[in-house]
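Heads up: the structure comes next, in C-alpha cells.
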Amino acid sequence: MKLKTKLFGHNYEFKSLCEVMAKANEEKSGDKLAGIAADSAEERVAAKVVLSHVTLEDLRNTPAVPYEEDEVTRIIQDGVNETIYKEIKNQTVGEFREWLLDGTTTEAMIRRTSKGLTAEMIAATAKLMSNLDLIYAGKKMPVPATCNTTIGLPGTFASRLQPNHTTDDPKGIMASVMEGFSYGCGDAVLGLNPVDDSVESVARVLKEFDEFKNKWEIPTQISVLAHVTTQIEAIKKFDAPIDMIFQSISGSQKGNEAFGVTPQMLEDGRDIVLRRGTCTGPNVMYFETGQGAELSAEAHNGWDQVTMEARTYGFGKKYAPFMVNTVVGFIGPEYLFDGKQVTRAGLEDLFMGKLTGLPMGCDACYTNHIKTDQNDIENLATLLVAQGCNFLISVPQGDDCMLMYQATGYHDMPALREVFGLRPIAEFDCWLEKMGFSENGKLTPLAGDASVFLSK
Amino acid sequence: MIEQNALREIIEQVLGEMNVSGMNAAPKTAQTGVAAPSTSGSVAVATKTTIDDGFIPDVTDVDIRKQYLVENPVNGPAYAELKLHAPCRLAIGKAGARYKTDPMLQFRAAHSAAQDAVFSAVDTAFLEKMGFFTIQTMCDNKDIFLTRPDLGRRLNEEAIKTLNEKCTKNPKVQIYVSDGLSSAAVAANVADVYPSLVQGLKSYGIEVGTPFFLEYGRVGAMDQITELLGAEVTCVLIGERPGLITAESMSAYMTYKGTVGMPEARRNVISNIHKDGTPPVEAGAHIAEVLKSMLDQKTSGTELVKA
Amino acid sequence: MPSEVINSVGIDIGTSTTQLIFSKLTVENRASSYSVPRIEIIDKQIVHRSDIYLTPLLSEDVLDAEAIKKIVEKEYEKAGMTPKMVQSGAVIITGEAARKDNANLVLNALSNAAGDFVVATAGPALESVLSARGAGTDKMSLERGVIMVNLDLGGGTTNIAAYDRGNLLGVTCLDIGGRLIKTENGKITYIYSKIKKLAEENGIKIEVGSLAEVGSLRKLTSIMADILAQSISLTPKTSLSAPFYTNNGKELIDLSKIDAMTFSGGVADFIYHPESSEGNMFKYDDIGVFLGEAIRENQYFKQIERIEPAETIRATVVGAGVHTTEISGSTISYAEGYLPIKNIPVLSIKETEEASSETIISSILTQIPLFKPEGQIEQIAISFSGLTKNSFVDIQNLAEALIEGTQEVIKSQFPLIFIIENDIGKALGNALNVKLKNSKPVICIDGIRTLSGDYIDLGEPVLGGRVLPVVIKTLIFNS
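Sequence lines, in order, name chains E, A and R. So the first sequence is numbered by the numbering used here: it starts at 667 and just counts up by one. So the second sequence is numbered by the numbering used here: it starts at 2 and just counts up by one. So the third sequence is numbered by the numbering used here: it starts at 6 and just counts up by one.
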C-alpha cells in the first residue's frame, strides 16, 4: 500500500489509511470539526489518487475500529463471504469503481460481490465517485424487501407518511394521516416520531394506526419510532400492533451505546415482531442512520463520517431490514454545512447502502440553521429518485412542526412519481385507485381531500 | 369550557373563510376541474397598467390551522374542524401534484423568517433598553458559531475580563440571555420572560445577580459562567433552533452549581417559550419556581423533584 | 409520565329514580419533560354503577331524606369507597324532585354522607347539559361534525340540549315525562295538572280513578311527542307547547337543522327497544311505554337519524359523576392552606370591561355590593378572561387595578381569588404577591372560564400541587 503521491509536482504524503480516507472525502464541515479534513482542494484530490490505488484487501485489514474492540466491526467482518472476497481482494478501489460502473456488470453480479465487501471498501468506493457516478451505480442496484408489501421493486417508488405532531394530539395526528394517504403517501410505512415515548403512549398510537389501517384496508406498514426496548414493551404489555421494529443505529459499538442499543436488543426486537407482530415479513426492521452521528457521540475513533456511515449499513444488514432511512440534513451545519454537502451526503448514503444490500430510502431534509432551502431539497429528492431510492419521507408541505425541520412534502411524492413514470407499491396503488385518489398513476381531482375519510 | 368557546370562534371563522375560498362557489369549477384563466373576449385596446394604492394582504397573517384550500371537498367542515388540532400545513389543496401559490409563498415566508432568526444579530438598542451589556464567546461570526459548537461554549478573553469587572460575585441566581440559534427569540420574548422571572424570584425573596447578553452562545457556555461567577443557580434564556411554525421559540436552561464538562443530565430545560407556545410571562413565573426548587433541593437535572 | 387518579361521584335524585355512579378521572402531565407542564384529564372510567332505585318519597311533596341517605351509604360501601376518598363530583336533584319541599334539606344531609365535595342543585339547564354529556351527544356531534340534540326523557321532565360540532347551542326543559300519569291495576291514580289540562283542551277524557284506556293515552302521548318535536324546531311551534317550558318558560333557540338525535332517560329504552316493555303498555304503571312509542312513531322525529347513546337511563348521573370536573391550568399560584373552598360565588368582569384599569376597577366596585347579602363581604371569586393581557407590563397594570378594586376583600378575612381564562395565573399571582408584599393570601388560577351567576368549587391540589380540580356550577344558561 502506497500512501504518497505527487500533484502538480507537489509531494503529498499521508500517515495512514485512516487519514487518506478522511481527506479523500468531498468537503464536509463534520470532517473539519473532527479535524481530519483535507487542508486544500489539492490535498483532497491527492488523497483520492492514493485511495484509488489502495486494494480492497488493504481496506479489509484496516477496519475503522479494531475487531477486538468493536462489535460492529466483528459483525461486518464475520459476515463477509470469504470465497467471494478472495475473488476481489486484489482489486484496487479505482478498479472496483470501474467494474461497478461498467455496462456489462449486472445487478446480479453486484449483488453477489456485495457479500464479499466490508464497509470500509464501500466507503472508499463512494469517495471516488462523482455525484452522477453515485446515481448511475445506485440505479443499477435495486434492493427489494418484504414486510406486508414489497418495497423497492423496479418501477415503484414509495414514501413514509410522517404525521408528527407537537403534542401527539390524536386528532391532529389523524388529520395529517388522512391527508397524507389522500396524496398517495404512506406505502412504505405510516410512521410517527412520538413526543411522548412512554410505552403507554406508543401503544396507544400504534393501536390507532392499526385501527385506521384495518378500517380502510390500507396495504401498508405501521410504526411508532420509539426506542427498540419501548416497542418490545408495548408488544409485551399492551399487545401493541407492530409491523416493524424501529431503531436508530450507528457505525460503532460506542455510537450504538450512545443510542442505548445493543445487537441483542435488535435480535430481541426482530424475534418478538416475527412471533407477535402484525406483519408478514420476513423483513421486519426499520433503521434510521445519518452521517455525523458517531462524531457527535465522540464514537468515530478518528475516522470520517462517510466511512462510519458505511459501517452503520454493514451493521444494519445483519437484521435484514425492510427499510433503512438515512436522515440527511437533520444533524446540523457543523456536520453538513449547506445544500451542497447535504446533497452529496444523500447520494453517498444511498449508494453505499444499496451496495451493502440494503433497501435504502432517505429523509432529504434540512434544519433552519443550515444554509439551504426547499429548492435544494427538492433537487436532492429528484436526484435520489433517479438513483433508485426505495422511498422518501413525506410531511405536510415539507414542514415537520414537531421535529422543527423541513423535508419532502406529501405533494412531492406523486409529483416525483409522475416525473419519473413510477408507481406506488402495487397493492397500495390499487388501493389508491379504489379510493379514487389516483388513476393510472396520476392524482385525481379528489386527491388531497382528506375529508373523504370523514364521510362515513 | 374555555377550549369549547375558543373552538367555536375558530370554527365560525373557518366556515366564514371557506365560503370565501370556494366551498360554496364550487360548482363553477366542479365539472372541468380547475378552470384556466379566461382567454376569451377580445381585448381591443391594450389598457395602460396603473399602480393602485393599498396593500396585498400579508401572507404571514394567515392562520394555517384555519386555512382550508381544498376544492370541492367531500366533507370539508368536518376536516376543517379536525385539522384545528394540528399546527401543520394541512388542507392546502393542490395544483396538479404541486402546491397552490399561496401556501407555497407562506412556506417561503416562514423559512425566510427562520433563516433571518438564525443569521441575524440581536438589536443592540434592545439590549441597552433591557440594561444588558454584551460579551462574546470564542466565535467571531455566525459561520464559525454554526460550525464550531465547541467554540460557542467558551468565553473569549475579553468576556472573562468584563464579567469579572461588572458582575456581582457568588449570586444565588445568575440569569443571562444568549442568542443561540435565534436572535428573533431574544427580541420577541426577553422583555416579558426576564422581568417576570425576576419578579417571581422576588416574590420568593430570592435576589438575582447581574444580567448580561452573550453573543454566539451555546448552552454549555453557562457552565463556564457559573464557575467564573460562583453562582449557585444559573439560568440562560437562549434562542432555539427555529422551525417554520415559529422562529421565536426560546428555551431556559438551568443548573445547580454547574461545572464545565458535567453530564448533561444535571441540566434542566424549559423549551417552547413563545407567544403561541408557553406564553413568555407565564414561562418566566414557572422558571422562577423551578429555580426556587433547585435552591431548596440543592440539585438540578434528573435528580430534581419537580414540584 | 406521572399520573394521579381523582375519585368522582355522581348522585342523581330524580323524579322517579335515584342512582349513583363512581368514576376515576386520571390526570396526567401530557407535556414532555422539556416543557412547562400541561396537565389534562386523560381518562375517565366508571368504576361502579348503582342499582336504579325508585326515589323514596314520604308523601307526594316530600323526599324521604333518611331513605335516600341509606341508599347512598349502601352504594358507597358496594363501591368500596368512603366519603374521604371522593374528591370531586356532584349531587343533583333533578326534574320534579327538585321542586319537592325538602329538596335542599336532603342535599345538606347528603353532603355529610357523600364526602367532602361539591353539592350542586342542578337547575334544569345544568341537567340538560349533564344528561347530554352522559349520553355522549356532545362528543358525537364533535366527532361527526354535525348538529345533534339529546332529549333526556325522565319521569317528570324532558331535558334538551343541542350541540353544533361539540359546542353547546342551547338547552331547554319541558314538563313532559313518563310518570306524569300513573296507573295501578289498569286504573289512573295520578295526573299531573298540566297534562290534565292538555287532555281537556284536546278533548281527551281521562280522570283519576277511571280506567286507563290505551286509545286515549296513545292520543295524549302523541300530542306530547308533537310538543317535543315543536320544542326542537322539527315543526312550527303552536300554542300547545308554551305552558310546558320550565325554567321560566325559556325555549330552545331555533335550530335550522338537526343532523341526528339521541334519547336518554328512562323513557329512551322504549324508543330504541319497543320489545323491552314485553307487550305490556302498563309495565311500569305509568305512560313511559306510551311516550316512547309515541316518539318512535312520530312523523317529525322519524325524519331525523336516531343514534342510541352509550348511556340512556343513567345519562344524567354519568354526566354528574364523570363530566363535571375540570382541571385548572398547570401554571397557577395559590396560597397554601385555604383549599378546598366550595360554593364560591363568581363576580365576573366582562371582556369589554377589561379594556382599561379604570373599567376593571369600576366593574369590581359596582358589583361587590351584590356579594354582601348581610352587609358584610362574603368569599368571592373574581373572574375575567385576561385574553388581552399578555405582556409583563400588562400584567403589572392588571395587578394594580385588581388590588385597587378589591380593597374590601383585601381587608376581609377571605383570600383573594381570581379565576382567569388566559394562561397568566402564575405570573399574575407573583405580581400580586410582590405588590401586596406577601401580606394577603392570593389564589390565582387560570384555564377556567366562568360567568357571573356561576358558583365555583376549588378542590384540593393534585399532581404534586400543580393543578386544582374545579367544578363550575353554571346555574344560568342562555342568558
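Ideal placement from N, C-alpha and C gives every residue a C-beta, glycine not left out.
Buried or exposed for A/T50, please, with buried defined as at least 16 other CB atoms from any protein chain shown within 10 angstroms of its CB. Around the CB of A/T50, fewer than 16 other CB atoms lie within 10 Å, so the residue is classed as exposed.
Determine, using beta-carbon pairs with one atom in the segment 951-962 of chain E and one in the segment 1001-1017 of chain E, whether at least three such pairs fall under 8 Å. Because the criterion of three Cβ pairs below 8 Å is met, the segment 951-962 of chain E and the segment 1001-1017 of chain E touch.
Using C-beta distances below 6 Å, list every residue in its chain close to A/A289, excluding the 5 sequence neighbours before and after it, in chain order. Around A/A289, the same chain offers L198, G201 and L202 as residues with beta carbons nearer than 6 Å, after the five sequence neighbours per side are excluded.
With a cut-off of 8 Å on the beta carbons, I'd call A/L238 and A/V194 a contact; round off their distance for me. Separation of the CB atoms of A/L238 and A/V194 is rounded to 6 Å, and the pair is thereby assigned contact status at 8 Å.
Once DSSP output is grouped into helix, strand and coil, what is the label at E/V720? Look at E/V720 here: in three-state DSSP terms it is coil, with no helix or strand label.
Apply the 10 Å Cβ neighbour rule to A/F56 and answer buried if 16 or more other Cβ atoms are within range, or exposed otherwise. It counts as exposed.
Measure from the C-beta of R/R471 to each C-beta in chain E and report whether the shortest distance is under 8 Å. Put simply, the CB of R/R471 is far from chain E, with every gap to its CB atoms at 8 Å or more.
Neighbourhood of R/V322 by C-beta, 6 Å cutoff - its chain only, sequence neighbours within 5 removed: G15, D17, Q24 and I26, listed in sequence order.
Give me the Cα-Cα distance between E/V1061 and E/L827, rounded to the nearest whole angstrom. About 7 Å.
In whole angstroms, give me the CA-to-CA distance for E/V890 and R/F295. Roughly 54 Å between the two C-alpha positions.
What are the complete alpha helix (DSSP H) segments, minimum 4 residues, inside the segment 313-369 of chain R? Correct list: 320-327.
7 Å Cβ shell around A/T247 - same chain, five flanking residues per side excluded: Only H275 and D277 meet the Cβ criterion.
Against R/S37, what residues of chain E qualify as contacts under a CB-to-CB distance less than 8 Å, listed in chain order? Those are V861 and D862, listed as they occur along chain E.
Does R/N483 have its Cβ less than 8 Å from a Cβ in chain E? Reliability of the predicted coordinates at R/N483 is poor, the pLDDT of 33 falling under 50, and no value is obtained from them.
By the criterion of Cβ-Cβ separation under 7 Å, what are the contact partners of A/H287 in chain R? For A/H287, the residues of chain R that pass the 7 Å Cβ criterion are V41, T336 and K431, in the order they occur in the chain.
To the nearest angstrom, report how far apart A/E304 and R/R43 are at their CA atoms. When only Cα atoms are considered, A/E304 and R/R43 end up about 21 Å apart.
Locate the beta strand (DSSP E) running through R/D451, then write down its first and last residues. Run containing R/D451: V447 to D451, per the beta strand (DSSP E) assignment.
Whole angstroms is fine: what's the gap from A/G221's alpha carbon to A/R242's? Taking the CA atoms as reference points, A/G221 sits about 15 Å from A/R242.
Once the 5 residues before and after E/E874 are set aside, which same chain residues still bring their CB inside 8 Å of it? Same-chain partners within the cutoff: P836, I839 and M840.
Between the C-alpha atoms of A/D59 and A/V123, what's the straight-line distance to the nearest angstrom? A direct Cα-Cα distance of roughly 24 Å separates A/D59 from A/V123.
Cutoff 6 Å; reference R/S55; Cβ partners in own chain excluding five residues on either side: These residues qualify, in order along the chain: Q24, L25 and E80.
Any chain E beta carbon closer than 8 Å to R/G150: True, the Cβ-Cβ gap to chain E drops below 8 Å.
Going by other Cβ atoms of all chains shown within 10 Å of its Cβ, with 16 needed for buried, is A/G34 buried or exposed? In this predicted model, A/G34 has a pLDDT of only 46, less than 50, meaning its place in the structure is not dependable; the value taken from the coordinates is given anyway. That one is exposed.
Let me confirm a value: R/E101 is counted as buried when at least 16 other C-beta atoms fall within 10 Å, else exposed. Which label applies? So R/E101 ends up on the buried side.
For R/K394, count the other beta carbons within 10 Å of its own beta carbon; 16 or more makes it buried, fewer makes it exposed. Which is it? By the neighbour-count criterion, in which a residue is buried when 16 or more other Cβ atoms sit within 10 angstroms of its Cβ, R/K394 is buried.
With C-beta atoms as the reference, is R/S388 less than 8 Å away from R/T455? In this structure, R/T455 lies closer than 8 Å to R/S388 by Cβ.
Going by the CB atoms, is the gap between E/V865 and E/K903 shorter than 8 Å? Between E/K903 and E/V865, the C-beta gap is smaller than 8 Å, which places the two residues in contact.
Whole-angstrom distance between R/S133 and A/M263, CA atom to CA atom: Rounded to whole angstroms, A/M263 to R/S133 spans 59 Å at the Cα level.
In chain order, what are the residue ranges of uninterrupted alpha helix (DSSP H) at least 4 long that sit wholly in the segment 727-752 of chain E? 737-744, all fully within the segment 727-752 of chain E.
List, in chain order, every chain E residue whose beta-carbon is nearer than 9 Å to that of A/Q200. Correct list: empty, because the minimum Cβ distance to chain E is about 29 Å.
Within 8 Å of chain E by C-beta, residues of the segment 107-129 of chain A in sequence order: For the segment 107-129 of chain A, the beta-carbon criterion of a distance under 8 Å to any beta-carbon of chain E is satisfied by F108, R109, A111, H112, A115, Q116, A118 and V119.
Start and end residues, beta strand (DSSP E) containing R/D69: No beta strand (DSSP E) contains R/D69, which DSSP labels as neither H nor E.
Identify which residue in E/E1084, E/K689, E/K1006 and E/D705 has its Cα closest to the Cα of E/T1038. Ranked by Cα distance from E/T1038, the options E/E1084, E/K689, E/K1006 and E/D705 are led by E/K1006.
E/S1117 versus chain A: which residues are under 9 Å apart at the beta carbon? V71, P74, V75, N76, G77, P78, A79, Y80, A81, L83 and A92, listed in chain order.
With DSSP as the reference, label A/T235 as helix, strand or coil. Of the three classes helix, strand and coil, the one that applies to A/T235 here is strand, per DSSP.
Nearest-angstrom Cα separation, counted from R/T336 out to R/K440: Rounded to the nearest whole angstrom, the C-alpha separation of R/K440 and R/T336 is 20 Å.
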